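Worksheet: the structure to be examined is printed underneath.
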Amino acid sequence: MTHHIRRLVKGRRLPLLLASLIIVLLSGRQALAAGAISGTVFRDYNANGGQDTAEPGLSGIIITAIDDLGNSATTTSGADGSYTLASLAGSAARVEFTVPSSMAAVQDGAAGATSVQFVDISGGDVGGVDASFNNPTHYCHSTPLLFTTCFVGLDNQTGPFSAEAVTVAVSYGADGTAVSKSHMTAASEMGSAFGVAWQASTGRIFTAAYIKTSTGLGPNGSGSTTTGGIYEVTVATAMTATASLFLDLHPIVDTGADPHPAPTDSCTSAASGIGGSNNNNCWWHDGGAFTTVGKRGLGDLDFNADQTVLYTVNLNSGELVELPVGNPAAAPAPGDINNYTIPTADCAALSAASDTRPMALAAHPDDPDKMYVGVTCSAQ
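342 is the number that the numbering used here gives to position 356 of the sequence shown; each next residue is one higher, with no gaps.
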């Protein structure tokens, strides 16, 4: 009996010992420091991996961490790009930054690592877990050329100034004194244009036909002029370029008739300072164009954020025209071109809908499906 009682006693002590051991082990796990993770997400314009003075924080990036115990935490970067993930109980964590579709992760760096990082949190909170992203189309070197259009008078196809330049490039560092500029494409190649768009990856420049008094439009490819011309400028050197018709929108969407004098018109005007009856006199007056500026032809021209879609404003219809050109750009088929009505409600209290004038364009910096359109409430 004595031997039997001893066995019962030992049998009762064993669960107590196991329970004590489990408590010690669990207490040891709870003693590990919990680790919160924080850092900054920023735009790395020059892709050097560090956040420079002019590089802002990037908001709206989703940051997710999963530790080695399977716990997870998620947050979103704030307006200044900063974020903090709630404490995790594990000793290590995988941190992932969700990359917007219009951006790309850049190289590892002292302050800007990849979009997936592994962090040791066994010692407690960890800061400085940063990530840098950039939209490649935002990159620009330190001394770019600025490209713009200018205008010459009279018939741009056959007139006395048709060989004059209608595009100019100047250095970004030009300060107005002794500016070195490049006179590039000739008036006969693209005529009067306002909107300019640049496809960064291919280095190609595009311009859009614009109606301006006393200066003619560009060619339509069939021996006449067009109010819907989009022209491609091919830069040969820093000093020279040529332009050619990329796409004539006028047969596809009605951009309005050319209001300028026809080549066969002849006018007499003492006020012009040019004697006799000739075509140039018609251009100096150009009465047909005065009431159509801003109401026919094309307005601004711009690529979307990923530079695969070209947009312009049809001033004749007041619509936004979408051209899915791809990258590198190629003229789309007519059936692929879309037109969107531009809202005019904000002008309702100031002028009739017919007196609203859309013109300006700007791409959303990150979202390829968003464009900004500038509208003037003209009250004409």
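By construction, the Cβ of each residue, glycine as well, lies at the ideal position given by its N, Cα and C atoms.
Model, not experiment: these values are computed from the prediction.
Open item on the list: Suppose you measure from the CA of LEU132 to the CA of LEU306; what does that come to, to the nearest Å?
Closed with: Against the sequence shown, residue 132 aligns to sequence position 146. Against the sequence shown, residue 306 aligns to sequence position 320. Answer to the nearest angstrom: the Cα atoms are 26 Å apart.
- [ ] Assign HIS236 to one of three DSSP states: helix, strand, or coil.
- [x] Along the sequence shown, read from residue 1 onward, the residue named residue 236 stands at position 250. Of the three classes helix, strand and coil, the one that applies to HIS236 here is coil, per DSSP.
TODO: State buried or exposed for TYR196, treating a residue as buried only when at least 16 other CB atoms are found within 10 Å of its CB.
DONE: Translated into positions along the sequence shown, residue 196 becomes position 210. The residue is buried, with at least 16 neighbouring Cβ atoms inside 10 Å.
Open item on the list: Along the chain, where does the alpha helix (DSSP H) containing CYS268 start, and where does it finish?
Closed with: Here the question's residue 268 lines up with position 282 in the sequence shown. It spans 265 to 271 - the alpha helix (DSSP H) in which CYS268 sits, taken as one unbroken run.
- [ ] Assign LYS356 to buried or exposed, taking buried as 16 or more other Cβ atoms, counted over all protein chains shown, within 10 Å of its Cβ.
- [x] Working through the sequence shown from its first residue, we reach residue 356 at position 370. Exposed is the call here.
Task: Start and end residues, beta strand (DSSP E) containing ALA334 - done: Here residue 334 refers to the residue found at position 348 when the sequence shown is read from its first residue. Per DSSP, ALA334 belongs to no beta strand (DSSP E) and is neither H nor E.
Task: ILE9, DSSP secondary structure in three states - done: Your numbering for residue 9 matches position 23 in the sequence shown. In this prediction, ILE9 scores a pLDDT of 37, lower than 50, which makes its location untrustworthy; the coordinate-derived value is nonetheless stated afterwards. In this structure, ILE9 counts as helix in the three-state DSSP scheme.
Task: Where THR123 falls: helix, strand or coil (DSSP) - done: Counting from one through the sequence shown, the residue named residue 123 turns up at place 137. In the structure shown, THR123 sits in a helix (DSSP, three-state: H, G or I).
Open item on the list: With the cut-off set at 8 Å, would you say VAL299 and GLY285 are in Cβ contact?
Closed with: For the purposes of this step, residue 299 is taken as the residue at position 313 of the sequence shown. For the purposes of this step, residue 285 is taken as the residue at position 299 of the sequence shown. Contact flag set, yes.
TODO: Measure the Cβ-Cβ separation of LEU44 and PHE137 and say whether it is below 8 Å.
DONE: Here residue 44 refers to the residue found at position 58 of the sequence shown. Here residue 137 refers to the residue found at position 151 of the sequence shown. In this structure, PHE137 does not lie closer than 8 Å to LEU44 by Cβ.
Open item on the list: Please state whether the Cβ-Cβ distance between TYR217 and PHE180 is less than 8 Å.
Closed with: As a working mapping, residue 217 is identified with position 231 in the sequence shown. As a working mapping, residue 180 is identified with position 194 in the sequence shown. It is not a contact, given that the beta carbons lie outside the stated cut-off.
Open item on the list: Distance check for ILE23 and ILE328, CA to CA, integer angstroms please.
Closed with: Reading the sequence shown from its first residue, position 342 is the one you call residue 328. Reading the sequence shown from its first residue, position 37 is the one you call residue 23. Those two C-alpha atoms are separated by around 45 Å.
Open item on the list: Using the three-state DSSP reduction, which class does PHE192 fall into: helix, strand or coil?
Closed with: Working through the sequence shown from its first residue, we reach residue 192 at position 206. The answer is strand: DSSP assigns PHE192 an E or B state.
Open item on the list: Taking the straight line between their C-alpha atoms, what separation do you get for THR129 and THR220?
Closed with: Translated into positions along the sequence shown, residue 129 becomes position 143. Translated into positions along the sequence shown, residue 220 becomes position 234. Spanning the two alpha carbons is a distance of roughly 20 Å.
TODO: Can you say whether CYS268 is buried or exposed, counting buried as having 16 or more other CB atoms within 10 angstroms of its CB?
DONE: By one-based count along the sequence shown, residue 268 stands at place 282. Result: buried.
Open item on the list: Quick check on this structure: which residue in MET170, PHE289, LYS198 and ASP322 has the alpha carbon closest to the alpha carbon of SER230?
Closed with: Locating residue 230 in the sequence shown gives position 244, counting from the first residue. Residue MET170 is the option with its Cα nearest to SER230.
TODO: Answer yes or no: do SER245 and THR201 have a C-beta to C-beta separation smaller than 8 Å?
DONE: Against the sequence shown, residue 245 aligns to sequence position 259. Against the sequence shown, residue 201 aligns to sequence position 215. Reading the sequence as shown, one finds Pro at residue 245 and not Ser. It is not a contact, given that the beta carbons lie outside the stated cut-off.
TODO: Let me know if LEU309 comes out buried or exposed under the rule of 16 or more other beta-carbons within 10 Å of its beta-carbon.
DONE: Translated into positions along the sequence shown, residue 309 becomes position 323. With 16 or more other Cβ atoms within 10 Å, it is buried.
Task: THR362 versus VAL85: straight-line alpha-carbon distance, rounded - done: In the sequence shown, residue 362 corresponds to position 376, counting from 1. In the sequence shown, residue 85 corresponds to position 99, counting from 1. Their backbone Cα atoms lie some 36 Å apart in a straight line.
Task: Chain-order list of residues whose beta-carbon lies under 6 Å from that of VAL102 (same chain, five-residue window excluded) - done: Stepping through the sequence shown from its first residue, residue 102 is reached at position 116. Closer than 6 Å at Cβ, skipping near neighbours: GLU82.
TODO: Take every Cβ of the segment 141 to 156, pair it with every Cβ of the segment 46 to 57, and state whether three or more of those distances are shorter than 8 Å.
DONE: no
Open item on the list: Using a 10 Å radius around the Cβ and a threshold of 16 neighbouring Cβ atoms, would you call ALA222 buried or exposed?
Closed with: Reading the sequence shown from its first residue, position 236 is the one you call residue 222. When all chains shown are included, ALA222 counts as exposed.
TODO: Return the residue from the list GLY56, TYR326 and GLN293 that minimises the CA-CA distance to ALA315.
DONE: The sequence position of residue 315 within the sequence shown is 329, counting from 1. Checked all of GLY56, TYR326 and GLN293; the closest Cα to ALA315 is GLN293.
Open item on the list: DSSP three-state label for PHE276, please.
Closed with: Reading the sequence shown from its first residue, position 290 is the one you call residue 276. PHE276 falls in the helix class under three-state DSSP.
TODO: List the endpoints of the continuous beta strand (DSSP E) containing ALA346.
DONE: By one-based count along the sequence shown, residue 346 stands at place 360. Its beta strand (DSSP E) spans residues 342 to 349.
TODO: If I'm right that ALA78 touches VAL105 with Cβ under 8 Å, what's the distance once you round it to whole angstroms?
DONE: Mapped onto the sequence shown, residue 78 falls at position 92. Mapped onto the sequence shown, residue 105 falls at position 119. Right, the Cβ-Cβ distance comes to about 7 Å (below 8 Å), so this counts as a contact.
- [ ] Check MET357 in the structure and name its three-state DSSP category.
- [x] Mapped onto the sequence shown, residue 357 falls at position 371. If DSSP states are grouped into helix, strand and coil, MET357 belongs with the strands.
Open item on the list: In the DSSP output, which residue or residues are listed as bridge partners for HIS169?
Closed with: Taking the first residue of the sequence shown as 1, we reach residue 169 at position 183. DSSP output for HIS169 lists VAL154 as bridge partner(s).
Open item on the list: Can you look up ASP116 in the DSSP assignment and give me helix, strand or coil?
Closed with: Residue numbering aside, residue 116 sits at position 130 when the sequence shown is read from its first letter. Three-state result, ASP116: coil.
Open item on the list: Taking 8 Å as the limit between beta carbons, can you name the residues of its chain near ALA243, skipping five residues before and five after?
Closed with: For the purposes of this step, residue 243 is taken as residue 257 along the sequence shown, with counting starting at 1. Closer than 8 Å at the Cβ level, and outside the excluded window around ALA243, lie THR213 and ARG282.
- [ ] Please check the pair LEU287 and VAL311, which I expect to be a contact at CB under 8 Å, by giving their CB distance rounded to whole angstroms.
- [x] In the sequence shown, counting from the first residue as 1, residue 287 sits at position 301. In the sequence shown, counting from the first residue as 1, residue 311 sits at position 325. That pair is no contact at about 11 Å.
- [ ] Would you check if the distance between the CB atom of GLU175 and the CB atom of THR228 is smaller than 8 Å?
- [x] Walking along the sequence shown from the start, residue 175 turns up at place 189. Walking along the sequence shown from the start, residue 228 turns up at place 242. Yes, the Cβ-Cβ distance between GLU175 and THR228 is below 8 Å.
- [ ] Could you check which residue in GLY321, CYS333 and GLY304 has the C-alpha nearest to that of PRO383?
- [x] An answer regarding residue 383 cannot be provided, because it is not within the stretch -13 to 366 covered by the chain.
TODO: Find out if the Cβ-Cβ distance for the pair ALA317, LEU235 is shorter than 8 Å.
DONE: Sequence index remark: in the sequence shown, residue 317 carries index 331 (1-based). Sequence index remark: in the sequence shown, residue 235 carries index 249 (1-based). Not a contact, by the Cβ cut-off of 8 Å.
- [ ] Might you give, ordered along the chain, the residues of its own chain that have their beta carbon closer than 8 Å to the beta carbon of PRO247, omitting 5 neighbours on each side?
- [x] Within the sequence shown, residue 247 is the residue found at index 261, counting from 1. Same-chain partners within the cutoff: ASP141, CYS253, ASN265, CYS268, TRP269, ASP272 and GLY274.
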